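Residue numbers (my numbering), protein chains in the order written: chain A, 593 to 941; chain Y, 593 to 941. Worksheet: the structure to be examined is printed underneath.
As structure tokens, this is what we get:
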């Protein structure tokens, strides 16, 4: 089969590699129909981290079940399925608590995980009963709906997690820091949870336009102190709900500055920190700080329901489409910020 | 009047200074009857921070109202009152939300605040209606009860805040890091909130004995990796409720290591941090991290009620008593860890 393979900084190639096979009785193998390139894929593309050369890439798979392990009970050949960016058994203590990313059997897709990559024609998925969610049959061939569902593999669930961790509820004012795909999905999630005012903070005019389309009532197009001042002005002294969707230290500092005393910060970007100054800022304001890798599996059904009934549409983040051979071009477009997020239509004739 | 005054590292003197007077119509002046020396007073005593020489000291006052400003409506001369370590108006947005330490009119006692110090014969207290809580008349002269109420000025409220922030509820397992007065009060608070198992982590055998007296079901008498291993063993992989009552980076690292995925850390020690490694540890486990300076005023009535009905007794932390002239000796005893916390009986003949 064909798969995208990592060869170092800025070097992703599409190559022929061996087909994956069932290895354990809880596995399925899917034929990938749709996948994405993620902002987090740029970490290795830019060599901020350094996976093994020759590793497969991608962690956002949607596809059709091709082979079914003998202990899999809920899936059969031909089912159209979505997978979160990590697998989960669905049965352990942490899955039952909804913290699927801490599942005792959790595995992650390549290049940083133990599984194959989703930017490929086929993919083995372990713990298939616990991991996968079926797309109802009537939507199986509706490309428009499938595109809206695709972000539920990662960024829409992650944006929603930011909103949940920031305790966003009906009538609230939420500030979303970051205008990448996760930030934009966090805007949509805040709107869905009933926030009345949603302030998107970023510094790309085109993305802030998408933020408005997805539910932002206000946009702040600046950075650092200037952004802080604008938000403080707009919120009369800080917001009770801040969604930090970047992970950079500067973004956490901004979050700690603009949160109102007694407020909440939800954070979903992997923290990249040199110092901990923002912790003291939070401390003196008695802020609640909660977040982590999104337990996407926990949110998949409820988000899918809203996509299918037409009240949620994260697809505007997918503003470029490539086929499997176009993956290197897709990485390049994201690296150059020409694309917010790239959809890969795999195996399209 | 006599007051304790700061003169640098290890140098606290009791001197004659001018009596405080009513300055604003919302003020009262109290005659201090009881106060304490706090673990946090050791920061300046050891010159980790550096207030102005000649400043008064102490922030945990209990006493009798002597003079009443003309806008004070709820207090009169002769009332026996308790004050939290910070003042609050009781009316602003943050007071109404229970975050009294973020009150827009909040002031703090000396040496680091704008007010006088509580280790003195008299004290001016602003925003008296919002700040002070009256001790019911029938307990006014009951020295045993007064000693139990005294920790409500700070450490008992702070320990309770740790438990509230760590989301301790009926039946829970809580781990308390720190065997100082706040940690011991956090043990009592966890018990009061219904925790079934309370593991106290410290490294002073005598204090861990007090922890048992105050409700600890298990004690771990070690530090660092060794303490982590013991707690992980006792909790079969980490606790859902961790109360960090120290503020040192090592204590926050321990907290982040022993918290269970999806669990809660309440933190009430002012963070003293060089790095932010513990943030990433928390992130990957989806931990909720909440805390700050305790809004003691928010908890004072409910804690007083339980002290008065005999179900809460934080007085074991006050294991040394001095008079006003004995304050320097009291600091010395705390500095040498001969005393957990010192009670100062002011003006006793």
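Note that CB positions come from ideal geometry on N, CA and C, so glycine has one too. As the structure is a computational prediction, the values presented were derived from the model and not from experiment.
Chain Y within 8 Å of residue i, Cβ atoms only
| i | result |
| --- | --- |
| residue 882 (chain A) | yes |
| residue 702 (chain A) | no |
| residue 775 (chain A) | no |
| residue 875 (chain A) | yes |
| residue 616 (chain A) | no |
| residue 845 (chain A) | no |
| residue 597 (chain A) | no |
| residue 612 (chain A) | no |
| residue 723 (chain A) | no |
| residue 651 (chain A) | no |
| residue 941 (chain A) | At residue 941 (chain A), the pLDDT of 42 sits below 50, so the modelled position is not reliable and the matter cannot be decided from this model. |
Cutoff 8 Å: residue i Cβ touching any chain A Cβ
| i | result |
| --- | --- |
| residue 871 (chain Y) | yes |
| residue 759 (chain Y) | no |
| residue 734 (chain Y) | no |
| residue 878 (chain Y) | yes |
N- and C-terminal bounds of the beta strand (DSSP E) containing residue i
| i | result |
| --- | --- |
| residue 717 (chain A) | 714 to 717 |
| residue 862 (chain Y) | Neither: residue 862 (chain Y) is in no beta strand (DSSP E) and is coded neither H nor E. |
| residue 804 (chain A) | Where residue 804 (chain A) is concerned, there is no enclosing beta strand (DSSP E), although the alpha helix (DSSP H) it sits in stretches over 797 to 806. |
| residue 831 (chain Y) | 831 to 836 |
| residue 723 (chain Y) | Taken as a continuous stretch (DSSP letters only), residue 723 (chain Y) belongs to no beta strand (DSSP E), being part of the alpha helix (DSSP H) at 720 to 723. |
| residue 911 (chain Y) | 910 to 915 |
| residue 935 (chain A) | 933 to 937 |
| residue 882 (chain Y) | 880 to 883 |
| residue 561 (chain Y) | Here chain Y covers residues 593 to 941 and nothing more, so residue 561 (chain Y) does not appear. |
| residue 812 (chain A) | 810 to 813 |
| residue 655 (chain Y) | 654 to 660 |
Nearest-angstrom Cβ-Cβ length linking residue i and residue j, presumed shorter than 8 Å
| i | j | result |
| --- | --- | --- |
| residue 611 (chain Y) | residue 718 (chain Y) | That belief does not hold up - the Cβ atoms of residue 611 (chain Y) and residue 718 (chain Y) are roughly 16 Å apart, past 8 Å. |
| residue 855 (chain A) | residue 879 (chain A) | 6 Å |
| residue 594 (chain A) | residue 712 (chain A) | 7 Å |
| residue 792 (chain A) | residue 808 (chain A) | 4 Å |
| residue 623 (chain A) | residue 658 (chain A) | 5 Å |
| residue 845 (chain Y) | residue 870 (chain Y) | 5 Å |
| residue 922 (chain Y) | residue 914 (chain Y) | 4 Å |
| residue 896 (chain A) | residue 725 (chain A) | 7 Å |
| residue 643 (chain A) | residue 710 (chain A) | 15 Å between Cβ atoms; not a contact. |
| residue 754 (chain A) | residue 932 (chain A) | Contact doesn't hold; Cβ gap of about 17 Å is too wide. |
| residue 875 (chain A) | residue 884 (chain Y) | 5 Å |
| residue 634 (chain A) | residue 744 (chain A) | Rounded, the Cβ-Cβ distance is 21 Å, inconsistent with contact. |
| residue 799 (chain Y) | residue 764 (chain Y) | So it is not a contact: roughly 23 Å between Cβ atoms. |
| residue 625 (chain Y) | residue 938 (chain Y) | 6 Å |
| residue 691 (chain A) | residue 727 (chain A) | That belief does not hold up - the Cβ atoms of residue 691 (chain A) and residue 727 (chain A) are roughly 25 Å apart, past 8 Å. |
CB contact below 8 Å: residue i versus chain C
| i | result |
| --- | --- |
| residue 676 (chain Y) | Protein chains A and Y are contained in the structure displayed, whereas chain C is not. |
First through last residue of the alpha helix (DSSP H) which encompasses residue i
| i | result |
| --- | --- |
| residue 927 (chain A) | 919 to 927 |
| residue 846 (chain Y) | 841 to 850 |
| residue 1000 (chain A) | Limits of chain A in this structure are 593 at one end and 941 at the other, which puts residue 1000 (chain A) out of reach. |
| residue 875 (chain Y) | 869 to 876 |
| residue 633 (chain Y) | 633 to 637 |
| residue 686 (chain Y) | 685 to 688 |
| residue 898 (chain A) | 888 to 900 |
| residue 737 (chain A) | 735 to 741 |
For the stretch 688 to 701 of chain A, which residues have a CB atom closer than 8 Å to at least one CB atom of chain Y, in sequence order?
Result list: 689, 690, 691, 693 and 694.
Closer than 7 Å between beta carbons: that is the criterion. Which residues of the stretch 851 to 868 of chain A meet it against chain Y?
853, 854, 862, 863, 865, 867 and 868
Starting from the N-terminal side, write out each stretch of the alpha helix (DSSP H) that is 4 residues or longer and does not extend beyond the stretch 749 to 797 of chain Y.
Listed in chain order, they are 773 to 784.
When you check each C-beta in the stretch 882 to 909 of chain A against every C-beta of chain Y, which residues fall closer than 8 Å?
882, 883, 884, 885 and 887
Beta strand (DSSP E) segments (min. 3 residues) lying fully within the stretch 597 to 638 of chain Y:
604 to 608 and 620 to 629
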